[in-house]
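Below is one structure, written out as structure tokens, with a few remarks after it.
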Amino acid sequence: MTSLVYLQWFSFKTACFGTSVASEATRYPTRPLTFIWRHVKDHTFPFKYSQKTIMVDYLSRYRLYGHGYTSPDIRSSVPSLKELYHDRSPYIFNRRPKAHDCRQESMKDLRDRREWEAWVLAKGLAETRKSTDSLRVKKIEKTEDGIKKPNKLLFNIGLRGRAEGDFHYPRGLAATIDSAILIADTKNHRVQVLNQFGVLMRTFGKRGFKEGQFNEPTGVAELPNCDIAVADKNNRRIQVFSSKGNFKYQFATSHEPFSVSCDKSFNIVVCTCARTIEIYRRGGKLLHNFPLGGFEKTKAGCQICVNNKSEVIVCDTIECLIKYFTYDGRLLYRFTPQPTGEGLSMVPSGICIDRTGDLVVTDALNHTVNVYSERGALLKQAICPADAAGPVQTCAIGEEGHLIVTEFSISGPHCVKIFRFRSCYCHITRPGSSKRRTPTPKFDKDGLTIPN
Numbered sequence: 001m002t003s004l005v006y007l008q009w010f011s012f013k014t015a016c017f018g019t020s021v022a023s024e025a026t027r028y029p030t031r032p033l034t035f036i037w038r039h040v041k042d043h044t045f046p047f048k049y050s051q052k053t054i055m056v057d058y059l060s061r062y063r064l065y066g067h068g069y070t071s072p073d074i075r076s077s078v079p080s081l082k083e084l085y086h087d088r089s090p091y092i093f094n095r096r097p098k099a100h101d102c103r104q105e106s107m108k109d110l111r112d113r114r115e116w117e118a119w120v121l122a123k124g125l126a127e128t129r130k131s132t133d134s135l136r137v138k139k140i141e142k143t144e145d146g147i148k149k150p151n152k153l154l155f156n157i158g159l160r161g162r163a164e165g166d167f168h169y170p171r172g173l174a175a176t177i178d179s180a181i182l183i184a185d186t187k188n189h190r191v192q193v194l195n196q197f198g199v200l201m202r203t204f205g206k207r208g209f210k211e212g213q214f215n216e217p218t219g220v221a222e223l224p225n226c227d228i229a230v231a232d233k234n235n236r237r238i239q240v241f242s243s244k245g246n247f248k249y250q251f252a253t254s255h256e257p258f259s260v261s262c263d264k265s266f267n268i269v270v271c272t273c274a275r276t277i278e279i280y281r282r283g284g285k286l287l288h289n290f291p292l293g294g295f296e297k298t299k300a301g302c303q304i305c306v307n308n309k310s311e312v313i314v315c316d317t318i319e320c321l322i323k324y325f326t327y328d329g330r331l332l333y334r335f336t337p338q339p340t341g342e343g344l345s346m347v348p349s350g351i352c353i354d355r356t357g358d359l360v361v362t363d364a365l366n367h368t369v370n371v372y373s374e375r376g377a378l379l380k381q382a383i384c385p386a387d388a389a390g391p392v393q394t395c396a397i398g399e400e401g402h403l404i405v406t407e408f409s410i411s412g413p414h415c416v417k418i419f420r421f422r423s424c425y426c427h428i429t430r431p432g433s434s435k436r437r438t439p440t441p442k443f444d445k446d447g448l449t450i451p452n
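Quick note on numbering: UniProt numbering labels position 370 of the sequence shown as 370, and the sequence is numbered without any gaps.
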């Protein structure tokens with residue numbers, strides 16, 4: 001242990017260390033002082049204990065004290081940035097989490113912007129940050145007359161809880177022709193009915209396996225005769241209720257149902273957790289059954305809707321695709337919904353159809369709702385985080401033109417929000433703020449606007 005005996009003396013005094021030790025250190029300043037180490041080890045220094053210490057070889061991190069010898073942990077050297085930030089970081093920096101880098105092993109050492117791989121990574125991160133920041137910048141929209149449009153958020157309903165009007169994972173959503181809002185409150189095992197202003201009208205159902213009871217309902221839809229179809233997931237059945245919430249009939253499904261929809265011909269379309277589509281006639285007769293394809297072993301349901309062409313539109317969250325199927329299971333076409341920014345990725349979580357035939361798709365990752373054409377062209381962004389949108393999961397368009405969404409996350413709020421989407425008569429006179437009122441229009445006997 002030659003590195004231990006090259007001593008650096010802060011204060012060298014004969015009175016402290018003795019005449020023999022001092023003279024030997026003065027005579028041979030670079031000689032291995034083995035006898036000093038022997039004296040320290042055996043505690044035979046000819047002086048009284050002092051708080052002054054004898055420091056040795058700062059490169060090896062060993063220290064000698066007047067009362068003995070101690071050795072702290074040796075820090076290993078770091079040869080490269082890759083080992084520092086990826087392999088050795090949990091051991092060198094105990095409180096620093098292990099860094100993640102999705103690049104290949106051969107690319108992880110490239111940090112110089114002059115290298116094209118590092119430039120591509122830096123460019124992508126810069127675009128992502130720019131796009132995410134733009135989502136939180138509120139844009140001022142004005143009418144044709146130059147008047148500032150009011151805020152898009154109309155109502156924020158409910159909290160995370162079990163009381164009436166509160167929600168716990170509201171996975172199912174539908175809007176009726178009577179401007180009512182149907183919500184499948186999954187973890188509360190019930191269905192709640194709101195009016196177009198977010199006021200609770202009624203609730204029905206409780207946990208159980210009997211008629212009229214639910215075990216995690218995840219989907220809800222309105223039938224052409226105003227009945228309500230509910231996907232009772234863990235009970236593997238579809239229950240049909242009247243508009244007042246009274247039980248009418250039920251039928252079993254082949255797999256656990258996740259979402260449900262219905263067309264004008266009373267064809268009830270069900271998407272199951274086994275990634276299959278099951279189509280039933282009124283009463284429960286099975287007509288068609290086909291898989292969605294892709295990750296078939298993954299047990300995760302998808303949100304669906306149907307159009308007036310007898311086509312099933314699937315919002316595949318696992319593959320991040322929008323798929324069009326016929327009732328017999330033939331895939332017509334599919335497309336990947338594009339986000340509004342170049343540096344963003346999109347996770348489609350919910351889907352519905354507007355009156356014009358356009359698709360309204362929710363993005364749970366970026367907290368946005370976008371409008372697409374039938375072939376997948378991005379038309380506009382309906383709402384974003386600047387409009388007080390959160391992790392949107394499902395969506396629906398009300399008869400009056402409102403955009404209704406459900407929001408929930410593991411640690412976030414569970415609620416229902418209503419936004420302005422189309423011009424609606426019910427909010428044409430609503431002021432934009434409490435400080436500055438919007439002029440209230442006047443109407444004649446025929447319902448026409450009287451100019452001011």
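All C-beta atoms, glycine included, are put in the ideal place defined by N, C-alpha and C. The structure displayed is predicted, hence computed values, not measured ones.
Within the same chain, Cβ atoms closer than 7 Å to the Cβ of Ile353 are found at Cys305, Asn307, Leu359, the five residues on either side in sequence being excluded. Within the region 104-191, the alpha helix (DSSP H) runs of at least 4 residues that lie entirely inside it are, in chain order, 116-135. For Ala389, the three-state secondary structure derived from DSSP is coil. If you compare the alpha carbons of Phe204, His367, Gly357, Phe290 with that of Gly329, the shortest gap goes to Phe290. Nearest to Cys395 by C-alpha distance, out of Gly401, Val405, Ala389, Ala386, is Val405.
Secondary structure of Leu403 (DSSP, three-state): strand. Nearest C-alpha to Ser411 among Asn246, Leu159, Asn267: Leu159. Apart from the 5 residues on each side of it in sequence, Pro385 sits with its Cβ closer than 6 Å to the Cβ of Leu135, Arg136, His367 in its chain, given in chain order. In this structure, DSSP gives Asp232 an extended state, which the three-state scheme calls strand. The residues Cys320, Leu321, in chain order, have a CB closer than 7 Å to that of Thr336 in the same chain once the five nearest residues on each side in sequence are set aside. The Cβ atoms of Phe247 and Glu278 do not sit closer than 8 Å to each other. The region 185-196 makes contact with the region 160-174; the number of CB pairs closer than 8 Å reaches 3 or more.
No Cβ-Cβ contact shorter than 8 Å links Gln393 with Thr356.
Note on Asp145: under 16 other CB atoms within 10 angstroms of its CB, so exposed under the neighbour-count rule. In the DSSP assignment, Asn370 is bridged to Val361, Gln381.
Under DSSP, Phe197 forms no beta bridge with any residue. Ile313 places its beta carbon 8 Å or farther from that of Ile268. At the C-beta level, Thr298 and Val270 stay beyond 8 Å of one another.
Sequence-distant Cβ neighbours of Arg282 in its own chain, meaning closer than 6 Å and more than five residues away, are Phe266.
Per DSSP, the continuous beta strand (DSSP E) segment holding Asn289 begins and ends at 286-291. Residue state for Phe421 is assigned as coil, using DSSP reduced to three classes.
The beta carbon of Phe155 is closer than 6 Å to those of Gly198, Ile418 in its chain, skipping five residues each way along the sequence. Here Gly205 is actually not in contact with Val193; their C-beta atoms are around 11 Å apart, not less than 8 Å. Assignment of Leu344 by DSSP, reduced to helix, strand and coil, places it in the coil class. Going by DSSP, Glu256 is part of no beta strand (DSSP E) at all; its letter is neither H nor E. The bridge partners DSSP lists for Lys323 are Val314, Arg334. In this structure, the straight-line span from the alpha carbon of Met346 to that of Asn370 is close to 11 Å. Each residue's CA atom was taken as its position, placing Pro257 and Pro217 some 9 Å apart. Excluding five sequence positions before and after Thr276, the CB atoms of its chain that fall closer than 8 Å to its own CB belong to Ser254, His255, Asn289, Phe290, Pro291, Leu292, given in chain order.
Of the residues assessed, Phe241 falls on the buried side of the cut-off, its CB having 16 or more other CB atoms within 10 angstroms. In the three-state scheme derived from DSSP, where H, G and I count as helix and E and B as strand, Thr203 is classed as strand. In the three-state DSSP reduction, Glu211 falls in the coil class, being neither helix nor strand. Between the beta-carbon of Ala180 and that of Val220 there is about 11 Å, and that puts the pair past the 8 Å contact cut.
Distances from the CA of Gly161 to each of Pro413, Ser423, Arg422, Arg420 were compared; the closest alpha carbon is that of Pro413.
Apart from the 5 residues on each side of it in sequence, Arg422 sits with its Cβ closer than 7 Å to the Cβ of Gly401 in its chain, given in chain order. In the three-state reduction of the DSSP assignment, Gly412 falls in the coil class, being assigned neither a helical nor a strand state.
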